[in-house]
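Q: Structure incoming, see below.
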Amino acid sequence: MLVKNRLITGDAVEKIAELPDNHFQLIIADPPYFQVLLGEQWDNQWKSPEAYLTWTMKWVQACRDKLRDDGLFYIFGQLGKREHTWLHACSMICRELAYHDMIVWDRAVGYNERYDSFTPQYEMALAVKKANDAKPWFDKDAVRVPYDEDIIAGYLKDKRYKDMDRRREHLRKGKYATNILRVPSLKGNSKEKIGHPSQKPIKLIEMLVESSSREGDWVLDPFIGSGTTAEACERLGRKWIGIEIDPAYAEIAKQRIAALKTLDRQTLF
Ligand SMILES: C[S@@+](CC[C@H](N)C(=O)[O-])C[C@H]1O[C@@H](n2cnc3c(N)ncnc32)[C@H](O)[C@@H]1O
623 MLVKNRLITG DAVEKIAELP DNHFQLIIAD PPYFQVLLGE QWDNQWKSPE
673 AYLTWTMKWV QACRDKLRDD GLFYIFGQLG KREHTWLHAC SMICRELAYH
723 DMIVWDRAVG YNERYDSFTP QYEMALAVKK ANDAKPWFDK DAVRVPYDED
773 IIAGYLKDKR YKDMDRRREH LRKGKYATNI LRVPSLKGNS KEKIGHPSQK
823 PIKLIEMLVE SSSREGDWVL DPFIGSGTTA EACERLGRKW IGIEIDPAYA
873 EIAKQRIAAL KTLDRQTLF
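Going by the numbering used here, 886 is the number at position 264 of the sequence shown; the sequence numbering is gapless.
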């Protein structure tokens with residue numbers, strides 16, 4: 623029996639293989655992007671784009687077996703600076719699994735100076751499912767974005783609506799999130815930052831977890847880094863498994879989860 627809420631230290635390809643098949647409702651993978659963070663050994667461990675792509679397909683195929691038939695699998699990647707390997711990865715991944723959507727993470731501010739083009743501001747998450755005819759579980763209502771107050775005020779002037787209290791209540795629920803998720807990236811001095819160079823904002827990961835899994839579902843993150851997916855799952859009542867090859871990052875993630883568990887449950891759920 624798989625023990626829930628566990629961080630496994632080791633290589634993703636090896637450790638994914640040990641997990642049960644058809645088990646995870648949601649897989650969130652934020653792998654090394656390949657030579658994006660030039661100072662990090664883990665992002666520069668492949669000699670060529672081809673070697674990186676071969677490795678990518680190994681862990682993607684391993685994850686495919688672990689995904690439930692109605693599950694979703696998000697794979698983060700980035701274009702915009704010198705790198706374009708992600709384009710090839712997307713094409714190869716969509717030959718193994720079925721394309722479902724491309725989510726844009728709008729980081730709200732540009733992340734690198736560039737003088738020969740526009741300043742890059744987004745990353746992506748390719749969403750794939752197990753087969754073309756698969757029907758992934760997705761809850762649009764779980765992730766709504768509040769309307770601005772002036773928009774609400776404008777809508778409430780519309781005389782066609784007789785029951786304004788109902789209308790107000792409806793508008794207060796917010797609108798469906800689009801596939802452009804605007805969540806500011808973490809600044810160096812952000813309170814959320816805990817010592818990983820590519821830590822994702824918790825809000826972003828929560829949006830994926832809330833929309834693409836139910837309470838009690840299993841979620842896998844094969845490159846868990848500082849434990850962002852684990853924290854999102856703890857907060858939202860999902861069972862999680864995380865894999866991380868670097869023992870130092872694994873320790874950071876473990877401490878992060880331990881600290882979370884000592885918080886008042888009211889704050890957590
Ligand atoms: C982009 S980071 C993930 C960041 C994470 N989403 C967060 O919010 O902290 C990728 C992580 O993959 C880890 N990694 C690299 N190669 C790995 C492998 N073969 N197996 C498991 N983890 C690996 C790196 O150590 C790094 O922490």
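Backbone N, C-alpha and C define an ideal beta-carbon position, used for all residues, glycine too.
The model shown is predicted, which means the values in this text are computed figures rather than measured ones.
Is T631 helix, strand or coil when you go by DSSP?
A: T631: strand per DSSP, three-state reduction.
Q: Cβ-heavy atom distance between K822 and ligand 1 below 6 Å?
A: For ligand 1, at least one heavy atom lies less than 6 Å from the Cβ of K822.
Q: Could you round the C-beta distance between F695 and V765 to whole angstroms and report it? I think they count as a contact, below 8 Å.
A: Contact doesn't hold; Cβ gap of about 18 Å is too wide.
Q: Count the other CB atoms within 10 Å of the CB of L778; is the residue buried (16 or more) or exposed (fewer)?
A: exposed
Q: According to DSSP, is R887 helix, strand or coil?
A: Below a pLDDT of 50, predicted positions are generally treated as unreliable, and R887, at 48, falls in that range; the measurement from the model is reported next regardless. Looking at R887 - three-state DSSP - the assignment turns out to be helix.
Q: In chain order, what residues of the same chain lie with their CB nearer than 7 Å to the CB of A747, ignoring the 5 residues before and after it?
A: Y696, I697, F698, I725, W727
Q: Per DSSP, which residues does F740 bridge with? Please list them.
A: Bridge partners of F740: none, in fact.
Q: Using DSSP with H/G/I as helix, E/B as strand and the rest coil, what is K825?
A: Here K825 sits in helix by DSSP.
Q: Is DSSP giving A764 helix, strand or coil here?
A: helix
Q: Which residues in the same chain as I649 place their Cβ atom closer than 8 Å to its Cβ, once the five residues preceding and following it in sequence are excluded?
A: Counting only Cβ-Cβ distances below 8 Å, and skipping sequence neighbours, we find C685, K688, L689, G693, L694, F695, Y696, V841, L842, D843, P844.
Q: Spatial neighbours of P671 within its chain, please: CB distance less than 8 Å, with the 5 preceding and 5 following residues excluded, ordered by chain position.
A: Correct list, in chain order: F656, T707, H710.
Q: Excluding sequence positions up to five away, which residues of its chain have a Cβ less than 8 Å from the Cβ of Q683?
A: E718
Q: So, with DSSP's three-state summary, where would you put Y798?
A: strand
Q: Beta carbon of A730, beta carbon of V767: below 7 Å?
A: No, Cβ-Cβ distance for A730 and V767 is not below 7 Å.
Q: In its own chain, which residues sit with a C-beta less than 8 Å from the C-beta of L826, not counting the 5 before and 5 after it?
A: So the qualifying residues of the chain are W727, L803, V805.
Q: Between the Cα of I824 and the Cα atoms of R836, E853, D839, G810, which residue gives the shortest distance?
A: E853
Q: Helix, strand or coil: how does DSSP classify M746 here?
A: Looking at M746 - three-state DSSP - the assignment turns out to be strand.
Q: Alpha carbon to alpha carbon, what distance is there between I865 and D691?
A: 22 Å
Q: Alpha helix (DSSP H) containing K680: first to last residue?
A: 671-688
Q: When you compare only the Cα positions, how much space is there between K637 and I630?
A: The straight-line gap from Cα to Cα measures roughly 8 Å.
Q: Have a look at the DSSP bridge pairing and note the partners of F695.
A: I649, V750
Q: Hey, how far is the Cα of K815 from the Cα of C716?
A: So the alpha carbons of these two residues sit roughly 33 Å apart.
Q: In the structure shown, what three-state DSSP assignment does E710 receive?
A: It is His, not Glu, that sits at residue 710 in the sequence shown. Annotated three-state conformation of H710 is helix, per DSSP.
Q: Could you spell out the range, first to last residue, of the beta strand (DSSP E) harbouring E866?
A: Per DSSP, E866 belongs to the beta strand (DSSP E) from 861-866.
Q: For M786, which of helix, strand or coil comes out of DSSP?
A: helix
Q: Out of curiosity, what's the CA-to-CA distance linking D868 and A651?
A: 16 Å
Q: Compare the C-alpha of D772 against each of K757, D763, R790, K784 and name the closest.
A: R790
Q: Beta carbon of P654: closer than 6 Å to some heavy atom of ligand 1?
A: yes
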